[in-house]
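Sequences listed follow chains A and B, in order.
So the first sequence is numbered by the working numbering: it starts at 1 and just counts up by one.
So the second sequence is numbered by the working numbering: it starts at 1001 and just counts up by one.
Using N, Cα and C, we set each Cβ at its ideal position, and we do this for glycine too.
For clarity, every value in this text was computed on a predicted model and none was experimentally measured.
A short worksheet on the structure shown next.
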Amino acid sequence: NVSGKLYDVMRKIRGTGVISEKNIDDALKDIRMSLLEADVSYKVVKSFIESVKQRSIGEDVLKSVSPGQQFTKMVQDELASFLGDKNSGLDTGRRPMLYMLIGLQGSGKTTTAAKLANYLIKEKNTPRVMLVGADTYRPAAKQQLEKLAAAVGAEFYTEEHDDPVKIAVNAYKSLETKAIDAVIFDTAGRLHVDAELLEELKKMKAAIPFTEILLVADAMLGQESVNVAKNFNDAVAITGIILTKMDGDARGGAALSMKHTAGVPIKFMGTGEKTDRLEPFYPERIASRILG
Amino acid sequence: NIFSSGPAREHIEDVEEALIEADIDLEIISGILEAIKRDKISDYEGVKKLLKDIFSDSLNQPSVAPQALKKVIILCGINGAGKTTTAAKLSGIYAKNGGKVIFAAADTFRAAAIEQLEAWAKASGTRIIKGIDGGDPAAVVFDAVKNAKNGGCDMLIIDTAGRLHTKSNLMLELGKIKKVVLKDYPEDEIDTLLVIDANTGKNAFSQAKEFNESIKLTGVILTKFDSSAKGGSIIRIAHELRLPIKYMTYGEDAGAISVFDPQEFVDKLFD
Ligand SMILES: Nc1nc2c(ncn2[C@@H]2O[C@H](COP(=O)(O)OP(=O)(O)OP(=O)(O)O)[C@@H](O)[C@H]2O)c(=O)[nH]1
Ligand SMILES: Nc1nc2c(ncn2[C@@H]2O[C@H](COP(=O)(O)OP(=O)(O)OP(=O)(O)O)[C@@H](O)[C@H]2O)c(=O)[nH]1
Ligand SMILES: [Mg+2]
Ligand SMILES: [Mg+2]
């Protein structure tokens, strides 16, 4: 079950009979190109290629009976380990669970908040979910979440002013008198280079004991994904990543960059616009997509 | 900066890294590196000048002065790129020059999409034509076109629903919308602009290619340029698809838009 690019690489190595270090270097060049084409960030590609090279020396691929196969398996294993080799689910620690969604503008947070609510209600025996409209910037953002909440059968909470931390805190306080299993906080999109808005996230985190802080990121992110993951993680220590718009044809290399940079699991992927389009993340599937 | 010291080969590697990190297409990058070696360019300003020269053919576009604005603008693009917000910004430019704008809220699918454009319309006193939630977007456009033609408005801005270029039924829907406009406006009076998020990687080219094939584009708007992303994917789009980059937006408020500036774009590549 070898992906297209790796298969070509493997065939090239196999076809040369005796394998030399030059064969390995050429194979690595091919893989490097493929990863960059897939939007994996430059520095992450460098680090990945270096790991594979070290492994090929360490496992002495040159002396192997079937070097092409061994090399290919090694690349796949290394990619799987970079991506996180086990599906890591949502932390459903103690109730009520408190999840905050953060990320760049337009990445899919509001839609994903509703999807997460739908997932908890339908698949996780968590019938009472509250969605909190804490995006006080975008026109009609609260209305958007309110409509989605109604559609998935979740409760909706917001306030008619523009202080997001106050809304979040009051939503949290309201749990004292409500029977709620999980709360999902939607936040305004913000750039990873906007210090003031990252500060706002820090205030949110200081005020509420979140079970998870999830970075919602577009599968088609380019080279900037490393900085996106780094800056959001440095600000609030994210606990997981959700990749959206995986129903497109972006190779999704940003997944590798972000996982590697933030060191947290990719938990879910969004695969469509409707609220039932959320799937657990499976590393093997995206590994072959990234390699091409 | 990348040329402050060290041997030439290191410089080439540093230039390559900067260009890759700018999301520029890899084939275009190898062409640039060849030119640097061939012309023995050995300093920072030299590389920037080379880039401006290489890109100027594809990035320097005919002026988009307000009087060059067309009668109808159709904004299209994938989900979350910034279409609705850009509609508001474009109306701001046009209104500032005394023009009367009408919005067509042709995203009838996404939750609160109509409300979102309505909020912008209210803020700027712009007339808006809308339909019912879940209704046929082509019907809204039909209605808007009639109003635009009869109501003495100088520009109709059509905001469409986000859609992935891989969904053929949605691409057909977009084609249908343009056909409605073409019943009342000649092709040369319509600007069909693809909205692209500067944070997008190589997929931006696939988007442009597919949208162009479904609904002949006349240009691109680069959004979220206030991000640290360089938006380098537009170079291949401009070069291979011969599409002008008409505007760039750099913030979330109505004024954060300007005519695309190739110099500013190249300068940012090495920030
Ligand atoms: N095809 C597809 N579209 C998606 C997916 N997730 C979200 N979207 C769409 O992406 C667009 C943006 O989604 P939003 O939920 O508004 O994004 P957001 O991050 O909340 O945006 P801001 O609040 O402005 O930062 C909408 O058109 C959604 O329907 C997905 O997995 N697949
Ligand atoms: N920082 C920044 N944010 C922007 C810019 N343009 C749009 N946005 C934000 O991006 C998000 C998405 O913008 P929309 O206008 O809703 O995007 P859209 O393409 O209409 O989205 P859909 O209709 O859901 O496909 C909003 O939060 C906007 O405020 C920009 O130039 N810079
Ligand atoms: Mg939102
Ligand atoms: Mg929109």
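**OP:** Could you name the residues of chain B that A/Asn227 contacts, counting a contact when the two beta carbons are closer than 7 Å?
**Re:** Taking the first sequence and counting its residues from 1, one reaches residue 227 of chain A at position 227. From the beta-carbon of A/Asn227, the residues of chain B found nearer than 7 Å are Ser1228.
**OP:** Taking A/Glu224 as the query, report the chain B residues whose CB atoms sit under 9 Å from its CB, ordered along the chain.
**Re:** Residue numbering aside, residue 224 of chain A sits at position 224 when the first sequence is read from its first letter. Simply Glu1021, Asp1023, Ala1198, Asn1199, Gly1201, Ser1227, Ser1228, Ala1229, Lys1230.
Original post:
What did DSSP end up calling B/Phe1265 once you bin it into helix, strand or coil?
Top reply: As a position in the second sequence, residue 1265 of chain B is number 265, starting the count at 1. In this structure, B/Phe1265 counts as helix in the three-state DSSP scheme.
Subject >> Interface partners of B/Ala1119 on chain A, CB under 8 Å >> reply: Position 119 of the second sequence holds residue 1119 of chain B. Proximity of chain A to B/Ala1119 at the Cβ level (cut-off 8 Å) is accounted for by Pro139, Ala140, in chain order.
**OP:** Please determine, among A/Ala113, A/Asp25, A/Ser34, A/Ser81, the residue with the shortest C-alpha to C-alpha distance to A/Gly363.
**Re:** Residue 363 of chain A lies beyond the stretch modelled for chain A, which goes from 1 to 292, so this question has no answer here.
Subject >> C-beta neighbour in chain B for A/Met130, strict 7 Å >> reply: For the purposes of this step, residue 130 of chain A is identified with residue 130 of the first sequence, where counting begins at 1. It does not; no Cβ of chain B falls within 7 Å.
Subject >> Beta-carbon separation (whole angstroms), A/Met226 vs A/Val44, contact threshold 8 Å >> reply: What you label residue 226 of chain A is simply residue 226 of the first sequence in a count that begins at 1. What you label residue 44 of chain A is simply residue 44 of the first sequence in a count that begins at 1. For the sequence presented, residue 226 of chain A should be read as Val rather than Met. Yes, they are in contact, since the Cβ atoms of A/Val226 and A/Val44 sit about 6 Å apart, within 8 Å.
Original post:
Which first and last residues belong to the beta strand (DSSP E) in which A/Gly270 is found?
Top reply: Within the first sequence, residue 270 of chain A is the residue found at index 270, counting from 1. A/Gly270 -> beta strand (DSSP E) spans 266 to 270.
Original post:
Quick one: which chain B residues come within Cβ less than 7 Å of A/Tyr42?
Top reply: Counting from 1 along the first sequence, the entry for residue 42 of chain A is found at position 42. Correct list: Glu1017, Ile1020, Glu1021.
**OP:** Thinking B/Gly1080 and B/Gly1135 are a contact (beta carbons under 8 Å), I'd like their distance in whole angstroms, please.
**Re:** Along the second sequence, read from residue 1 onward, the residue named residue 1080 of chain B stands at position 80. Along the second sequence, read from residue 1 onward, the residue named residue 1135 of chain B stands at position 135. So it is not a contact: roughly 22 Å between Cβ atoms.
Original post:
In whole angstroms, what separates the C-alpha of A/Gly153 from that of A/Ala182?
Top reply: Translated into positions along the first sequence, residue 153 of chain A becomes position 153. Translated into positions along the first sequence, residue 182 of chain A becomes position 182. Rounded to whole angstroms, A/Gly153 to A/Ala182 spans 13 Å at the Cα level.
**OP:** Over the uninterrupted alpha helix (DSSP H) stretch that includes A/Gly68, give me the two end residues.
**Re:** For this step, residue 68 of chain A is matched to residue 68 along the first sequence. Counting along the chain, the alpha helix (DSSP H) containing A/Gly68 begins and ends at 67 to 83.
Subject >> C-alpha distance - A/Glu273 paired with B/Thr1108, whole-angstrom precision >> reply: As a working mapping, residue 273 of chain A is identified with position 273 in the first sequence. As a working mapping, residue 1108 of chain B is identified with position 108 in the second sequence. Approximately 13 Å, taken between the alpha carbons.
**OP:** Evaluate A/Asn231 with the Cβ neighbour count: other Cβ atoms within 10 Å of its Cβ, from every protein chain shown; 16 or more gives buried, anything less gives exposed.
**Re:** Here residue 231 of chain A refers to the residue found at position 231 when the first sequence is read from its first residue. By the Cβ-count criterion, A/Asn231 is buried, with 16 or more other Cβ atoms from all chains shown falling within 10 Å of its own Cβ.
Original post:
Closest by CA to B/Ile1036, which one among B/Thr1166, B/Leu1050, B/Leu1156?
Top reply: Along the second sequence, read from residue 1 onward, the residue named residue 1036 of chain B stands at position 36. Minimum Cα-Cα distance from B/Ile1036 among the listed residues B/Thr1166, B/Leu1050, B/Leu1156 corresponds to B/Leu1050.
Original post:
Can you tell which of A/Asp276, A/Thr275, A/Ile266 has the C-alpha that lies nearest to the C-alpha of A/Arg285?
Top reply: The residue labelled residue 285 of chain A in the question sits at position 285 within the first sequence. Out of A/Asp276, A/Thr275, A/Ile266, A/Ile266 has the C-alpha closest to the C-alpha of A/Arg285.
Original post:
Is A/Asp218 near ligand 5, with its Cβ less than 6 Å from a heavy atom?
Top reply: This structure lacks ligand 5; the ligands present are ligand 1, ligand 2, ligand 3 and ligand 4.
Original post:
Just by C-beta distance, which residues in the region 260 to 277 of chain A are closer than 8 Å to chain B?
Top reply: Correct list: Glu273.
Subject >> Partner residues on chain A for B/Glu1189, Cβ-Cβ distance less than 9 Å >> reply: Against the second sequence, residue 1189 of chain B aligns to sequence position 189. Neighbours of B/Glu1189 in chain A, taken as residues whose beta carbon is under 9 Å from its own, are absent, since the nearest beta carbon is some 29 Å off.
**OP:** Leaving out five residues on either side along the sequence, give the residues of the same chain with a beta carbon under 8 Å from the beta carbon of A/Lys245.
**Re:** For the purposes of this step, residue 245 of chain A is identified with residue 245 of the first sequence, where counting begins at 1. Once the five neighbours on either side are set aside, the close Cβ partners of A/Lys245 are Gly108, Asp218, Ala219, Met220, Gly270.
Subject >> Cut-off 7 Å between Cβ atoms - residues of its own chain near B/Ile1041, not counting five sequence neighbours on either side >> reply: If you number the second sequence from 1, residue 1041 of chain B lands on position 41. For B/Ile1041, where only same-chain residues beyond five positions count, the Cβ hits under 7 Å are Val1047, Leu1050.
Original post:
Which residues, taken in chain order from the region 72 to 89 of chain A, show a beta carbon closer than 7 Å to some beta carbon of chain B?
Top reply: Residues: none.
Subject >> beta-carbon B/Lys1287 near ligand 4 non-hydrogen atom, thresh 6 Å >> reply: Residue coverage of chain B in this structure runs from 1001 to 1271, which leaves residue 1287 of chain B outside it and unanswerable.
Subject >> Residue ranges of each alpha helix (DSSP H) within the region 1074 to 1158 of chain B, 4 or longer >> reply: Annotation note: the region 1074 to 1158 of chain B contains the following uninterrupted alpha helix (DSSP H) runs of length 4 or greater, listed N- to C-terminal: 1083 to 1096, 1113 to 1124, 1137 to 1150.
Subject >> Supposed close pair A/Ile242, A/Leu198 - CB separation, criterion 8 Å >> reply: Residue 242 of chain A sits at position 242 when you count from the first residue of the first sequence. Residue 198 of chain A sits at position 198 when you count from the first residue of the first sequence. With a beta-carbon spacing of about 19 Å, A/Ile242 and A/Leu198 fall beyond the 8 Å limit used to define contacts.
Original post:
DSSP puts A/Tyr157 in a beta bridge; with which residues?
Top reply: Here residue 157 of chain A is taken as the residue at index 157 of the first sequence, counted from 1. Looking at the DSSP assignment, A/Tyr157 forms a beta bridge with A/Val132.
Subject >> Validate contact between the region 1090 to 1103 of chain B and the region 1146 to 1161 of chain B using beta carbons, cut 8 Å, 3 pairs >> reply: Yes, the region 1090 to 1103 of chain B touches the region 1146 to 1161 of chain B.
Original post:
Taking 6 Å as the cut-off, is the CB of A/Ser107 close to at least one heavy atom of ligand 1?
Top reply: Here residue 107 of chain A is taken as the residue at index 107 of the first sequence, counted from 1. Yes - ligand 1 has a heavy atom lying nearer than 6 Å to the Cβ of A/Ser107.
**OP:** Output the distance between the C-alpha atoms of A/Asp8 and A/Asp26, rounded to the nearest integer angstrom.
**Re:** Residue 8 of chain A sits at position 8 when you count from the first residue of the first sequence. Residue 26 of chain A sits at position 26 when you count from the first residue of the first sequence. In this structure, the alpha-carbon of A/Asp8 lies about 12 Å from that of A/Asp26.
Subject >> Bounding residues of the beta strand (DSSP E) (the contiguous stretch that carries A/Glu199) >> reply: Here residue 199 of chain A refers to the residue found at position 199 when the first sequence is read from its first residue. Per DSSP, A/Glu199 belongs to no beta strand (DSSP E); it is in the alpha helix (DSSP H), 195 to 207.
Original post:
Along chain A, which residues have their Cβ under 9 Å away from the Cβ of B/Lys1224?
Top reply: For the purposes of this step, residue 1224 of chain B is identified with residue 224 of the second sequence, where counting begins at 1. Simply Leu104, Gln105, Gly106, Leu191.
**OP:** Please say whether B/Ile1114 and B/Lys1100 have beta carbons closer to each other than 7 Å?
**Re:** As a working note, residue 1100 of chain B is residue 100 in the second sequence. As a working note, residue 1114 of chain B is residue 114 in the second sequence. Cβ distance not < 7 Å, so B/Lys1100 and B/Ile1114 don't count as in contact.
**OP:** Could you check how far apart the C-beta atoms of B/Gly1219 and B/Leu1193 are, in whole angstroms? I think they sit under 8 Å.
**Re:** As a working note, residue 1219 of chain B is residue 219 in the second sequence. As a working note, residue 1193 of chain B is residue 193 in the second sequence. About 5 Å separates the beta carbons of B/Gly1219 and B/Leu1193, which is inside the 8 Å limit, making them a contact pair.
**OP:** Tell me whether B/Lys1298 sits in a helix, a strand or coil according to DSSP, three-state version.
**Re:** Not covered by the structure: residue 1298 of chain B. The range shown for chain B is 1001 to 1271.
Original post:
Can the beta-carbon of B/Ile1215 be found less than 7 Å from the beta-carbon of B/Gly1175?
Top reply: One-based indexing of the second sequence puts residue 1215 of chain B at position 215. One-based indexing of the second sequence puts residue 1175 of chain B at position 175. The answer is yes: Cβ separation under 7 Å.
Original post:
Nearest CA to the CA of A/His260: which residue from A/Leu175, A/Arg251, A/Val228?
Top reply: Counting from one through the first sequence, the residue named residue 260 of chain A turns up at place 260. Measuring C-alpha to C-alpha distances from A/His260 to each of A/Leu175, A/Arg251, A/Val228 identifies A/Val228 as the nearest.
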